[in-house]
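S.K.: Numbering (the working numbering), first residue to last: 40 to 467. Here a beta-carbon is modelled for each residue, glycine too, at the ideal position from N, C-alpha and C.
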Amino acid sequence: MSIFSINDNSGYTSILSQSKANKESKENSKINFANTFLKQNVTKLNEIQSANSQTLIRSEVLDDELNSANISNTINTNFSINNTNNTTKTNSFNYDIASEFKNSIYTLKYKQADPLVNTSNIASLAYGYSVDKDGYMGEDFNKAAGLPKDFKIHKSTLDEIERFNQHRMADETNGNYYNSFDMASIVKSYYNSFNQVISAFSNDKTSFSKADLEQLPKGLNYNCNENKEKIVTNIFNAKQLKEAQELDCIAGLGINWVKLDFSPQSMEQGPSLEDGFNPNMSVYPQNEDGSYSKEALFMSFLKSYSPVPSPNQVVLSSEAKVREAKLDQEMKANPSFSVSLDDIMTGKVDFASLLKGYAQDGWLDADIYAIEKGVKWQNTSIGYGGAWFDREFNNAKNNGWKASNENINSFVNSIMDRLNNLLEQTRV
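(1) What is the rounded straight-line gap between the Cα of SER453 and the Cα of MET384?
(2) Got a sec, what are the start and stop residues for the alpha helix (DSSP H) ASN452 sits in?
(3) Would ALA409 pass as a contact of PHE428 if the rule is Cβ separation under 9 Å?
(4) Quick one: grab the DSSP three-state call for TYR397.
(5) Determine the closest residue to GLU313 out of PHE450, TYR261, ALA209 and TYR331, with distance taken between C-alpha atoms.
(6) Pull up the distance between the alpha-carbon of ASN117 and that of ALA183, whole angstroms please.
(7) Consult DSSP for MET176 and reduce its assignment to one of helix, strand or coil.
(8) If contacts are defined as beta-carbon pairs under 8 Å, then ASN317 and GLU201 qualify, I think. What distance do you get, rounded to the angstrom?
(9) Give the C-beta separation of TYR229 and TYR344 to the nearest angstrom, bearing in mind that I take them to be a contact with Cβ-Cβ under 8 Å.
(10) Per DSSP, what kind of secondary structure is SER163 in: helix, strand or coil?
(11) Please report the distance separating the alpha-carbon of PRO434 from that of TRP440.
(12) Counting only runs of 3+ residues fully inside the stretch 292-367, write out the beta strand (DSSP E) ranges in chain order.
(13) Please report the straight-line C-alpha distance between ALA290 and ASN438, rounded to a whole angstrom.
(14) When you compare only the Cα positions, how much space is there between GLY329 and SER246?
(15) Quick check on GLN368: buried or exposed, where buried means 16 or more other Cβ atoms within 10 Å of its Cβ?
(16) Spell out the partners DSSP gives VAL271 in its beta bridges.
(17) Apart from the five residues on each side of it in sequence, which residues of its chain come closer than 7 Å, Cβ to Cβ, to ASN276?
(18) Kindly identify the DSSP beta-bridge partner or partners of ASN168.
(19) Look up PHE247 in the DSSP assignment and give the residues it is bridged to.
(20) MET306: which of ILE294, SER321 and PHE203 sits nearest, CA to CA?
(21) Could you tell me whether the Cβ atoms of TYR261 and LYS249 are closer together than 9 Å?
(22) Is the Cβ-Cβ distance between VAL347 and ARG207 less than 9 Å?
(23) Taking all protein chains shown into account, decide if LEU366 is buried (16 or more other Cβ within 10 angstroms of its Cβ) or exposed.
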């Protein structure tokens with residue numbers, strides 16, 4: 040009989056069983072250690088989250104780890120560690136227990152933050168928040184961003200916010216200008232502004248007809264708060280927007296006016312332009328009755344009022360930090376005088392005197408001449424009318440025309456009256 044003809048394989052089976060048992064014991068030890076570590080450090084994790092706005096659950100590393108370990112499809116709906124899926128996770132050679140730590144830390148914080156948040160439809164993570172199977176951000180993101188519980192903002196929109204801002208600063212650094220974005224904070228800021236703009240409608244209104252769109256504001260003005268976050272200060276209808284544009288052009292007020300477009304065309308997919316914010320509108324379809332969702336309207340708003348983050352909503356790259364510090368030093372060394380509407384209205388800046396100085400120096404001669412002659416000032420670039428005005432004005436100047444003090448005072452008073460009326464009528 041050949042020595043290879045062994046009928047009794049009990050010894051061989053025993054070796055396999057022992058090997059399998061050893062492997063399972065080793066992996067179970069990893070999981071038990073991870074869970075024990077987490078339970079013992081709940082308080083510390085809470086302290087970390089409170090002290091650092093770029094928390095572990097908001098970290099892009101979490102997303103990268105989940106993708107690189109290829110375990111997203113094996114995570115159960117509550118993201119807990121359990122023995123039923125250990126074998127699937129640990130079969131990957133690249134499996135790293137650090138991924139379990141990060142995933143479990145997310146789970147622990149996620150559950151403790153709000154046990155009422157629905158986790159039954161979570162398919163993946165993005166920007167530290169849950170994403171459902173259709174690509175829409177989960178309830179945890181909505182809560183952090185101040186959105187209604189059932190609001191459907193798509194992950195692709197957040198990706199576009201990132202792409203738009205990275206591209207906007209692409210020429211300033213060799214690599215990415217930003218290391219990470221606090222997407223919830225960015226969306227929250229702009230959603231608050233959006234709600235201000237559409238405040239004529241009730242908060243619970245979720246669909247908008249074409250007639251509703253026509254009633255929406257046509258423009259806004261904004262200032263920046265102490266965190267350099269844009270804050271809407273004035274809202275304009277069509278006539279008021281035109282007035283703001285004219286005053287800004289005449290007096291150099293530095294009005295941060297923005298023209299808003301809530302037309303049906305703005306709810307459609309725009310042309311592919313790298314420089315503009317262009318979200319995927321196919322994920323915000325038109326309602327069956329022909330109306331538009333609040334989500335689509337919000338996207339239309341962001342197309343006009345581009346979502347640029349404030350400094351406290353991003354983490355800059357090392358190269359970007361150097362650039363920002365240099366710019367800050369240059370501004371302090373060479374402060375440029377700028378007038379904000381708030382400074383004018385609070386009396387911090389005597390804009391009437393400032394405007395009079397401009398006029399006396401001849402900077403506003405064309406405007407004063409137009410008022411004196413009862414004609415409309417027009418730029419030379421505006422066809423025949425502009426060329427005619429320019430010719431008449433220059434002929435008058437060559438023949439010795441000069442704005443009188445009386446006309447200067449009249450002009451300044453007229454501008455200040457128009458400005459006061461505009462701001463009082465449109466203030467948020």
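M.R.: Looking at the coordinates:
(1) Here residue 453 is taken as the residue at index 414 of the sequence shown, counted from 1. Here residue 384 is taken as the residue at index 345 of the sequence shown, counted from 1. Going from the Cα of SER453 to the Cα of MET384 covers about 16 Å.
(2) By 1-based counting over the sequence shown, the position of residue 452 is 413. Taken as a continuous stretch (DSSP letters only), the alpha helix (DSSP H) holding ASN452 covers 444-465.
(3) Within the sequence shown, the letter at position 370 stands for residue 409. Within the sequence shown, the letter at position 389 stands for residue 428. Contact flag set, yes.
(4) To locate residue 397, count along the sequence shown from 1; it is residue 358. It is helical.
(5) Walking along the sequence shown from the start, residue 313 turns up at place 274. Of PHE450, TYR261, ALA209 and TYR331, the residue nearest in Cα terms is ALA209.
(6) The residue labelled residue 117 in the question sits at position 78 within the sequence shown. The residue labelled residue 183 in the question sits at position 144 within the sequence shown. Reliability fails at ASN117, whose pLDDT of 39 lies under 50, so the model's placement of it is uncertain and no value is given.
(7) Taking the sequence shown and counting its residues from 1, the one referred to as residue 176 is at position 137. If DSSP states are grouped into helix, strand and coil, MET176 belongs with the strands.
(8) By 1-based counting over the sequence shown, the position of residue 317 is 278. By 1-based counting over the sequence shown, the position of residue 201 is 162. Contact doesn't hold; Cβ gap of about 13 Å is too wide.
(9) Position 190 of the sequence shown, counted from the first residue, corresponds to residue 229. Position 305 of the sequence shown, counted from the first residue, corresponds to residue 344. 7 Å between Cβ atoms; contact.
(10) Looking up residue 163 in the sequence shown gives position 124. Here SER163 carries a strand assignment [DSSP, helix/strand/coil].
(11) The sequence position of residue 434 within the sequence shown is 395, counting from 1. The sequence position of residue 440 within the sequence shown is 401, counting from 1. Checking the sequence shown, residue 434 turns out to be Asn, not Pro. ASN434 and TRP440: Cα-Cα distance of roughly 9 Å.
(12) 296-298 and 353-355
(13) In the sequence shown, the residue the question calls residue 290 occupies position 251. In the sequence shown, the residue the question calls residue 438 occupies position 399. Whole-angstrom Cα-Cα distance: 26 Å.
(14) On the sequence shown, position 290 is the one that residue 329 refers to. On the sequence shown, position 207 is the one that residue 246 refers to. Each residue's Cα considered, the two are about 10 Å apart.
(15) Taking the first residue of the sequence shown as position 1, residue 368 is located at position 329. Its Cβ having fewer than 16 others within 10 Å, GLN368 is exposed.
(16) Walking along the sequence shown from the start, residue 271 turns up at place 232. Per DSSP, TYR261.
(17) Locating residue 276 in the sequence shown gives position 237, counting from the first residue. So the qualifying residues of the chain are PRO256 and LYS257.
(18) Counting from 1 along the sequence shown, the entry for residue 168 is found at position 129. Note on residue identity: the sequence assigns Tyr, not Asn, to residue 168. ALA165.
(19) Your numbering for residue 247 matches position 208 in the sequence shown. In the DSSP output, where bridge partners are listed per residue, PHE247 has TYR331.
(20) As a first step, residue 306 is located in the sequence shown; it is residue number 267 there, counting from the start. Ranking the options by Cα distance to MET306, first place goes to SER321.
(21) For the purposes of this step, residue 261 is identified with residue 222 of the sequence shown, where counting begins at 1. For the purposes of this step, residue 249 is identified with residue 210 of the sequence shown, where counting begins at 1. LYS249 sits away from TYR261, with the two beta carbons spaced by 9 Å or more.
(22) Here residue 347 refers to the residue found at position 308 of the sequence shown. Here residue 207 refers to the residue found at position 168 of the sequence shown. Yes. Within cutoff.
(23) Here residue 366 is taken as the residue at index 327 of the sequence shown, counted from 1. It is exposed - the Cβ of LEU366 has fewer than 16 other Cβ atoms within 10 Å.
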